[in-house]
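Have a look at the structure below before the remarks.
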């Protein structure tokens, strides 16, 4: 038998096994994660980081990203107020769209991720004052952090056929890392150290994890079962 024919047969067997694993997890009647979710999920960290970077540049040398939090950039009267507010609103849109498209995740996880997006809108609409803290802003921000920290473990499946990003171990690890980052942030706030660095690390992880999960779901489904084109995004 020609080597090309043998290679084609091996590829065909691999494709059948992959489709079998796909159907074992998703089921025949459930559509996989649409490819436009890649766009909405990758936009989240890009827009967030771009937002605080541009807002900090507009604020000038008076703003110290090491010792000051992101909320300072979104405060009333800040030079980059509208930039940071717009970034938070866009971040919320991205999370809501990703939660909508992430059909492979457990329902509780999708609700938590979408809830985190809604909270981002509320945070943007309740900016802190130019000086001093804000109990409302801080309380809402805490709710958003909790939702975005627990959604990975809530979205996980015990099935061995689940995409990598929805398996228990990676999902639990993501939640634990975010929790450790939050503890570090609180410690830095208490000791007046580098809360800005800690907050940026945690929020970057939280905005990036949905993209990791979506990529794992799209790769798990394979090119034949992948969803529609990039018809939506943030």
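In this note's numbering, the protein residues as written are 674 to 907. Virtual Cβ for every residue (Gly too), placed ideally from N, Cα, C.
- For residue 810, the CB contacts under 8 Å within the same chain, skipping 5 residues up- and downstream, are 744, 796, 799, 800, 801 in chain order.
- A buried status is given to residue 823, since no fewer than 16 other beta-carbon atoms sit within 10 Å of its beta-carbon.
- If you draw a straight line from the Cα of residue 774 to the Cα of residue 845, it comes to about 22 Å.
- Taking the C-beta atoms as reference points, residue 756 is found nearer than 9 Å to residue 724.
- Within the region 743-804, the complete alpha helix (DSSP H) runs of at least 4 residues fall at 754-774, 780-798.
- Cβ-Cβ separation between residue 878 and residue 852: approximately 11 Å, too far for a contact (criterion under 8 Å).
- Taking C-alpha positions only, residue 713 is separated from residue 739 by approximately 29 Å.
- Beyond the five residues adjoining it in sequence on each side, residue 880 comes within less than 6 Å, by CB distance, of 717, 718, 721 in the same chain, given in chain order.
- Cβ-Cβ distances below 7 Å link residue 843 to 837 in the same chain, with the five nearest sequence neighbours on each side left out; the list follows chain order.
- In the three-state DSSP reduction, residue 840 falls in the coil class, being neither helix nor strand.
- By the criterion of a C-beta distance shorter than 8 Å, residue 867 is surrounded in its chain by 739, 740, 861, once the five residues flanking it on both sides are discounted.
- In terms of Cβ geometry, residue 778 and residue 886 form a close pair [threshold 9 Å].
- With 16 or more other Cβ atoms from the protein chains shown falling within 10 Å of its own Cβ, residue 736 counts as buried.
- Only buried fits residue 839, as 16 or more other CB atoms lie within 10 angstroms of its CB.
- Rounded to whole angstroms, residue 781 and residue 826 show a C-alpha spacing of 9 Å.
- Between residue 858 and residue 847, the beta carbon gap of about 17 Å keeps them out of contact (Cβ cut-off 8 Å).
- Counting the other CB atoms within 10 Å of its CB gives residue 889 a total of 16 or more, which places it among the buried residues.
- In this model, residue 776 and residue 727 are separated by some 34 Å (Cα to Cα).
- Annotation: residue 832 is outside any alpha helix (DSSP H) and is labelled neither H nor E by DSSP.
- Residue 856 is classed as exposed because its beta carbon has fewer than 16 other beta carbons within 10 Å across all chains shown.
- Secondary structure at residue 807: coil, using DSSP grouped into helix, strand and coil.
- When rounded, the separation of the alpha-carbon atoms in residue 771 and residue 729 is 27 Å.
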